Structures are given as structure tokens and as C-alpha cells.
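Engineer:
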Amino acid sequence: MPDCLQKAFQTGTTARLDERIFTMCQVKNQPLVYLMLMTHPSLYRVDNLTDEGALNINDRTIPQPPILQLSVEKLSRDGAYLMDAGSVMFLWIGKNCGQNFISQVLGVPNYGSIPQNMTHLPELETAESMRTISFISWLREQRPFFPILYIVK
Numbered sequence: 010m011p012d013c014l015q016k017a018f019q020t021g022t023t024a025r026l027d028e029r030i031f032t033m034c035q036v037k038n039q040p041l042v043y044l045m046l047m048t049h050p051s052l053y054r055v056d057n058l059t060d061e062g063a064l065n066i067n068d069r070t071i072p073q074p075p076i077l078q079l080s081v082e083k084l085s086r087d088g089a090y091l092m093d094a095g096s097v098m099f100l101w102i103g104k105n106c107g108q109n110f111i112s113q114v115l116g117v118p119n120y121g122s123i124p125q126n127m128t129h130l131p132e133l134e135t136a137e138s139m140r141t142i143s144f145i146s147w148l149r150e151q152r153p154f155f156p157i158l159y160i161v162k
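Just so we're aligned, residue 10 is where the sequence shown starts under this note's numbering, counting upward by one.
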């Protein structure tokens with residue numbers, strides 16, 4: 010059973026009561042499609058988003074990267090990946106991720122400058138930033154709640 014669901018049914022002192030109740034409420038109230046994301050998240054590579062195959066909704070172009078198999082073998086240190094786990098999203102930045110993505114999407118000069126507790130993307134006037142924000146916003150707009158984004162390096 011995934012860790013996120015184990016908290017709902019865990020007894021003893023390892024799981025705080027607040028965490029158990031919160032997780033139980035999520036299990037009880039979330040639509041099935043988002044509950045499934047908690048058990049098997051979607052993984053996307055986002056450092057090479059293009060407009061090819063994108064959706065055009067209300068004068069917005071929303072890139073549609075392929076969903077990758079959820080495996081460490083699919084991760085590369087020279088990329089950036091978004092893991093959509095339902096109520097939370099993680100943007101993992103590989104150590105050798107392209108300087109262009111780091112500066113044009115994260116707004117910092119290099120990998121070492123990425124803050125440890127970064128939870129949102131700056132809105133920059135670059136094509137890469139607009140594509141990335143558009144895709145993440147589109148994922149968020151589809152749900153009845155607002156998933157938090159954590160940038161992890």
C-alpha cells in the first residue's frame with residue numbers, strides 16, 4: 010500500500026492523528042481519478058516542452074508531454090520531471106539539467122541557486138516558462154482542489 014494511504018490506516022505513534030484524518034478525508038472525498046494518482050502518480054518530462062501536439066483552449070496553447078513509465082530508469086540527471094501525485098506535484102530538477110531551462114523557467118542563474126523550499130514557478134516572459142506554467146496550470150484546473158507544487162533538486 011502506498012505511503013500516502015498507509016497514514017490513513019496506520020495505528021500507533023508513528024502517524025499523527027491529524028495526518029491520519031487528513032488522509033482518510035482525501036481517500037473518502039477525492040474523485041477516483043485523483044485518488045489513483047496518489048497510488049500511481051503520472052510522470053512527465055518538462056524541460057523540453059514544445060507546441061507540437063498541444064491543446065488550444067481559449068487562446069491558450071497547452072503542451073501535452075507524454076506520460077512516462079513511473080520508474081527511476083526514466084529519470085535522467087540532465088532533465089526536469091513533473092510527478093503529479095494527485096494532491097501534490099513535484100518538479101524534480103536533475104543536477105545536469107540544461108542551463109536554459111533553469112534560467113528561463115526557474116529564474117535563477119544556475120542549479121546551485123535553486124532555493125531549497127521553492128513552491129512556485131516565477132512567471133517569466135520566456136516561451137519555456139509560459140509552456141511549463143501553462144501545462145501545470147492546466148493540470149491544476151482539472152481538479153476540485155489546488156495541488157501544491159514542490160521544486161526538488
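For each residue, glycine too, the CB sits at the ideal point set by N, CA and C. Since the model is a prediction, treat every value here as computed from it, not as a measurement.
1) Figure out for me which residue from 54, 145, 73, 141 has the closest Cα to the Cα of residue 113.
2) Of the residues 39, 160, 143, 149, which one's Cα is nearest the Cα of residue 68?
3) If you measure between the beta carbons of residue 153 and residue 98, is that distance less than 7 Å?
4) Check for me: the alpha helix (DSSP H) holding residue 89 runs from which residue to which?
5) Leaving out five residues before and five after residue 84 in sequence, what residues of the same chain have Cβ atoms less than 8 Å from its Cβ?
6) Can you give the Cα-Cα distance for residue 64 and residue 74, rounded to whole angstroms?
7) Does the distance between the C-beta of residue 26 and the nearest non-hydrogen atom of the ligand HEM fall short of 6 Å?
8) Quick one: what's got a C-beta closer than 6 Å to residue 34's C-beta in the same chain, skipping five residues either side?
9) Skipping 5 residues on each side, what residues in its chain have a beta carbon closer than 7 Å to that of residue 146?
10) Tell whether a beta-carbon distance below 7 Å holds between residue 26 and residue 95.
11) Starting from residue 120, trace the beta strand (DSSP E) both ways and give me its first and last residue.
12) Bridge partners for residue 99 per DSSP, in chain order?
13) Measuring alpha carbon to alpha carbon, tell me which residue in 134, 136, 117, 133 is nearest residue 127.
14) DSSP beta-bridge partners for residue 70?
15) What is the DSSP secondary structure of residue 85, counted as helix, strand or coil?
16) Reducing DSSP to helix, strand and coil, say where residue 77 ends up.
Structural biologist: Reading it off the structure:
1) 141
2) 143
3) no
4) Here residue 89 belongs to no alpha helix (DSSP H); instead the beta strand (DSSP E) covers 89-93.
5) 90, 101, 103
6) 11 Å
7) As presented, the structure is devoid of all ligands, the ligand HEM included, so that no description of it is given.
8) none
9) none
10) no
11) Here residue 120 belongs to no beta strand (DSSP E), and DSSP marks it neither H nor E.
12) 92, 159
13) 117
14) 65
15) coil
16) strand
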